[in-house]
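Enquirer:
In this note's numbering, the protein residues as written are 12 to 169.
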């Protein structure tokens, strides 16, 4: 189920996705692969994908994929762990492919098929709701909404 929401006055649309505990986002500690093509048009800290855990699982953040002002890519997990990459050239006006992969407890982040960083994270990544281009629960009055283009979002358990 998709929910569409205007995020600002720049004809930008963000998509909210509903899911269930038994759905695609219920990865637990399994391996997964997330790919997304992005072309940000404003250089700022912004959320690409935000997932949320239901209150039955303790509520709050499931995991998030962020882009920072300096071009770093950040992947947060509800347990307070996050991966921060070195700055990238993501604000060059070109489309870039981002990929986050967890294999045997190691989370790796790639841009355009180039490995940026890897970190061991054995946390439970289960989430029930997810939003593309904005925070599932907006804590910044739309400030962190993604500005630009998001395409080809793919998430799969492996």
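We put the beta carbon where it would ideally sit given N, CA and C, even for glycine.
With distances taken from CA atoms, which of 51, 56, 75 and 50 is nearest residue 62?
Expert: 75
Enquirer: Could you check where the beta strand (DSSP E) with residue 155 kicks off and where it finishes?
Expert: Looking at the DSSP string, residue 155 is not in any beta strand (DSSP E), and its letter there is neither H nor E.
Enquirer: Leaving out five residues on either side along the sequence, give the residues of the same chain with a beta carbon under 6 Å from the beta carbon of residue 5.
Expert: One cannot answer for residue 5 here, as it falls past the ends of the chain, which runs 12 to 169.
Enquirer: May I ask which residues mark the beginning and end of the beta strand (DSSP E) holding residue 110?
Expert: 107-114
Enquirer: Can you tell me the Cα-Cα spacing of residue 81 and residue 132, whole angstroms?
Expert: One C-alpha to the other measures close to 24 Å.
Enquirer: Kindly indicate which three-state DSSP category residue 43 falls into: helix, strand or coil?
Expert: strand
Enquirer: Opposite residue 51 in the DSSP bridges: which residues?
Expert: 159
Enquirer: Once you ignore the five residues that flank residue 146 on each side, which residues in its own chain have a CB closer than 7 Å to its CB?
Expert: 58, 61 and 155
Enquirer: By the three-class DSSP mapping on this structure, what secondary structure does residue 140 have?
Expert: strand
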